[in-house]
Amino acid sequence: MDGILQSLGVIFSFSGLAVLIIGALLGIVIGALPGLGPSIGLSLLIPFTYNLGPELSMLMMISLYTSAEYGGSISAILLSTPGTAAAAATAIDGYAMARKGKANEAISISLTASTVGGVFGGLALLLLAMPLASLALKFGPAGYFAVGIFGLTSVAALSGGSLVKGLVCAAFGLALATIGIDPIAGTPRFTFGLFELYEGVPFLAALIGLFAVSEALAMIESRVVAAPVIKDKVGHVFMSGALWKETWRSMLSGSVIGTLLGILPGVGGNIACWVARDYARARDRHPQEFGKGSANGIAAPEASNNATVGGALVPLLALGVPGSPTTAIMVGALIMHGLHPGPQLFTEAPSLVYAILFGTIIASLVQYAAGSLFLPLMARVMRLPDAVIAVGIMAFAVLGAFAIRNLMFDVYLMLGFGVVGYLMKKLRFPVAPIILAMVLGYLVESNYRTALVSSQGDYMIFITDPVSLLFLVLSLVSLLTPLWRRLQARRMRRLDGTANGAAH
Amino acid sequence: MTINRRTFGTRMAGSALGLALALSSVALPSPAVAAGFPEKSVTLVVWAGAGGALDTYGRKLAELLEKESGWTVKVDNRPGGSGAVGVSQIMTQPADGYNILVFTGTLTFGIAQGLIPFELKDFRMLRAMQSEPSSLAVLSDSPFKSVDDFVNYMKENPSGLKVGGHAPGGFHQYMLYQLMKSGGFESGWIPHDASGKVTLALLGKHIDAAMMTPSTGLAQVKSGDVRLLGISTDKRSEFLPDVPTFKELGYDIEGAVWRGIAVKAGTPDDVVDTIQAAVDKVTASEDWKKFQTEQFQDSPDWKEEEFTKRAESDLASQLEFLKANGYAQ
């Protein structure tokens, strides 16, 4: 009890609120800049947190982490340039909506959904940390493999018009994911002797090239010089009641998906955003709106990537093991203060633990306030003519690609992906399945092979492992549902036909 | 003849209010005179990304070099290529001591596997400053109470347990290989791509035993959920005095992953001496000792001669291990 009161005292002190606000503002900017994500943001922040004491430095880091997850959507919506990998799914509908002149509305949906997701993830962390952690331990290599397969089933939803084209792109993405050092044998594959490719094709370079540069090239080609007409009022921050009614379900489902996938090491927001979008689309009454600027296509992924923050902190607090690069940096910061994360912290430093627990929830609310300040400014970007936006996108793209590893190689690779993305656009191939397959390819392959190594080659492990079985069944359901719906629709039509025939 | 070439480096810099793109231009100096070393800022090229254990060490070293010797030190993260990116970075700069590589013991694995296209003689290995051992870990409810229990079981049931750890063909698997040779048993290896995942796999009973750095499962080791059967240090670790060493149990195994600094071969002796003197001041400082204790790091403090000798013998025995396990030809 004392711990709770003490922690609230720290959070609501002047310095507590100050670090939360500074963290949120930094997070939004860092998230919005492509190439700089929450983990780079936190590592830049660490030197400044030395003198803050453990509670304040954790609050600042959580605030930055949370807000960066939201910030990634801003550039995704305005420039079709996902600021973070977890904002990739948002770029599709967010940018489409912005091009319709509703950038303001798109960002306000993203901000609201991010806040809802963040609060939800924080509540789950506060109330369910221990049970969620034991859930995470149930996932072995077979389970992770099946989760990856489940994620891959959403390729169909990302394919736009042609499933064949979607599958071709997914196969291309999976092939790209095999480049790099073999996860089991440890030897380089398909690297053409380039050590820049040992860790695989840098995902952010592909993401920025395919999404952003291809869009900039398309803009240069188009002769439209004027800015799109702004339809909504700039300065409009709050979502309307009608929008709430339209999106609350996807925010909720996105929050649940984000929290659950967030607790799994190596999964996180990069994958949660796609799964959440796919689930929202499957449940939506107007699935055909997805890809053309659907509000739910923004709300679901944005709620999910912020909910992963609370989820990612679960293994850190309950087990003392960081589940993501970002939380690993937080461990580093705790060690700097002579503290080691884990369940013993609840007795050793209860006020710190509660500061993290409550801080996660409050950081989301602070993010909402900070985001509201930025929002009117951001939406003005859309008033710029295409020529200016195209140049801006290119500048951010080059900067972002270079920032990944300070390598020009990544910049050239990113530009190459930009050309590929542009050609794909011309031929009406969807780029999103490539991104999804690149994210999931490594997860699926490394865990498939690890599972078989640990079962000594026995394929039954994918059936006998309960988690694996569950997700493989879910994958089947996800694949068969659209087929079943189509059959159902055809039968209905036939029934209608015979009924009409009988009437005549 | 003095050649003045301007090199432009663009770096992302974090500032309190945001990020600014700073354009810096640095002119090459005329041949360094050690008495005046360093005449400009020294760059620590960290071959891993920001935020990890190596980066934490590099940044502390930078901070203390500035504090103790008044140098200006920049930290430049050059991750990628299993270290090859960082190595190339110092190899393409002049051998003047202004670019110091901050790297780990995986260097010898990288060279042995042919991943890092350089040899040990391309470096001057200046100092090993941190090291962490490997240990054999099981869950508290495991029937194995000692290394002997484990070894005897594996002798009777070859590859009968799921043993895993961080990375394929890396340090921890190498330590298991040494244990296999010393104990006379066979075991498979289940690689994990992050050390935290090893602890989770052990806790979730997806593996039966792990070879891991004790500090990666520290909370569980302290709470007793994870039992360490043996540790690969020479003498008992001051951080884990209750854990027996493999050596005292009769298995002649010793090894640690070190972190240290190196410069390009050909760097003049007087410059190296100046760097060594500055590092001595760092390792003697209270700040450094406190940092090492907080990070659960042993301080090998091997100087150039011993460091080089150890790296050479590591390379030879790792090459044998990698060949025996099909990781290298």
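Read top to bottom, the protein sequences are chains A and B.
For the first sequence, counting from 1, position 217 maps to 219 in our numbering; every step adds exactly one.
For the second sequence, counting from 1, position 17 maps to 83 in our numbering; every step adds exactly one.
We treat Cβ as the ideally placed atom computed from N, Cα and C, and that holds for glycine.
Using the beta-carbon of each residue, which ones in chain B are nearer than 7 Å to residue i?
| i | result |
| --- | --- |
| A/Val323 | Gly262, Thr265 and Leu266 |
| A/Gly42 | Inspection of the sequence shows that residue 42 of chain A is occupied by Ile rather than by Gly. Under the 7 Å cutoff, chain B gives Ala116. |
With respect to the beta strand (DSSP E) encompassing residue i, which residues constitute its N-terminal and C-terminal limits?
| i | result |
| --- | --- |
| B/Met191 | Phe189 to Pro199 |
| A/Ala187 | Run containing A/Ala187: none; DSSP gives neither H nor E here. |
| A/Leu196 | Run containing A/Leu196: none; DSSP gives neither H nor E here. |
| A/Val294 | It is worth fixing the name first, because residue 294 of chain A is Lys in this sequence and not Val. Where A/Lys294 is concerned, there is no enclosing beta strand (DSSP E), given that its DSSP letter is neither H nor E. |
| B/Thr109 | Val108 to Val112 |
Between which two residues does the alpha helix (DSSP H) carrying residue i extend?
| i | result |
| --- | --- |
| B/Met278 | Segment Ala275 to Met278 is the beta strand (DSSP E) holding B/Met278; no alpha helix (DSSP H) there. |
| B/Arg376 | Glu370 to Ala390 |
| B/Arg293 | Segment Val292 to Ile297 is the beta strand (DSSP E) holding B/Arg293; no alpha helix (DSSP H) there. |
| B/His238 | Phe237 to Gly249 |
| A/Met241 | Run containing A/Met241: none; DSSP gives neither H nor E here. |
| A/Lys427 | Met410 to Lys428 |
| A/Thr349 | Leu347 to Glu350 |
| A/Ser216 | Ser216 to Glu223 |
| B/Glu185 | Run containing B/Glu185: none; DSSP gives neither H nor E here. |
| A/Ser45 | Pro40 to Thr51 |
Along chain A, which residues have their Cβ under 9 Å away from the Cβ of residue i?
| i | result |
| --- | --- |
| B/Ala343 | The contacting residues do not exist; B/Ala343 stays about 26 Å from chain A at best. |
| B/Tyr393 | Ala187, Gly188 and Thr189 |
| B/Gly254 | Val455, Ser456 and Gln458 |
Less than 8 Å between CB atoms is the rule here; does residue i satisfy it with respect to chain B?
| i | result |
| --- | --- |
| A/Ile30 | no |
| A/Pro133 | no |
| A/Asn308 | no |
| A/Glu201 | yes |
| A/Ala330 | yes |
| A/Ile181 | no |
| A/Thr83 | no |
Does the beta carbon of residue i sit closer than 8 Å to a beta carbon anywhere in chain A?
| i | result |
| --- | --- |
| B/Arg144 | yes |
| B/Leu89 | Note that B/Leu89 scores a pLDDT of 31, beneath 50, so its modelled location is shaky; the value from the coordinates is reported in the next line. Not one chain A Cβ lies under 8 Å of B/Leu89. |
| B/Gln179 | yes |
| B/Lys330 | no |
| B/Arg71 | With a pLDDT of only 38 at B/Arg71, under 50, the local geometry of the prediction cannot be trusted, and no value is derived from it. |
| B/Ala377 | no |
| B/Ala116 | yes |
| B/Leu130 | no |
| B/Pro209 | no |
| B/Phe312 | no |
| B/Asp259 | yes |
Could you tell me which residues DSSP puts in a beta bridge with residue i?
| i | result |
| --- | --- |
| B/Val229 | B/Ala275 |
| B/Phe169 | B/Gly326 |
| B/Val141 | B/Leu110 |
| A/Gly182 | A/Arg191 |
| A/Ile463 | The partner list for A/Ile463 (beta bridge, DSSP) is empty, contrary to what the question assumes. |
| B/Pro257 | B/Gly231 |
| A/Leu19 | The partner list for A/Leu19 (beta bridge, DSSP) is empty, contrary to what the question assumes. |
| B/Val204 | B/Arg293 |
Is the separation between the beta-carbon of residue i and that of residue j shorter than 8 Å?
| i | j | result |
| --- | --- | --- |
| A/Phe348 | A/Ile13 | no |
| A/Ser41 | A/Thr51 | no |
| B/Ser397 | B/Ser225 | This structure gives no information on residue 397 of chain B, because the portion of chain B shown stretches from 67 to 395. |
| A/Ser1 | A/Pro484 | Past the edges of chain A, shown from 3 to 506, lies residue 1 of chain A, and the structure says nothing about it. |
| A/Ile463 | A/Ala144 | yes |
| B/Ala114 | B/Leu120 | yes |
| A/Phe205 | A/Ala87 | yes |
| A/Gly1 | A/Glu304 | Limits of chain A in this structure are 3 at one end and 506 at the other, which puts residue 1 of chain A out of reach. |
| A/Ile181 | A/Met380 | no |
| B/Val111 | A/Phe197 | no |
| B/Ile319 | B/Leu202 | no |
| A/Ala320 | A/Pro345 | yes |
| B/Phe312 | B/Ile297 | yes |
Can you pull the chain A residues whose beta carbon is under 8 Å from the beta carbon of residue i, in chain order?
| i | result |
| --- | --- |
| B/Glu360 | Ile337, Met338 and Gly340 |
| B/Ser289 | Gly344, Pro345 and Gln346 |
| B/Leu284 | Gly322, His342 and Gly344 |
| B/His272 | Gly142, Pro143 and Ser456 |
Kindly list, in the order they appear in chain B, the residues whose Cβ is closer than 8 Å to that of residue i.
| i | result |
| --- | --- |
| A/Glu198 | Gly146, Gly147 and Val151 |
| A/Thr452 | Ile256, Pro257 and His258 |
| A/Gly334 | Gly117, Gly118, Ala119 and Thr122 |
| A/Ser448 | Asp259 |
Taking residue i as the query, report the chain A residues whose CB atoms sit under 7 Å from its CB, ordered along the chain.
| i | result |
| --- | --- |
| B/Gly124 | Those within 7 Å of B/Gly124 in chain A number zero; the least Cβ separation is about 12 Å. |
Quick one: which chain B residues come within Cβ less than 9 Å of residue i?
| i | result |
| --- | --- |
| A/Pro317 | Gly262 and Leu266 |
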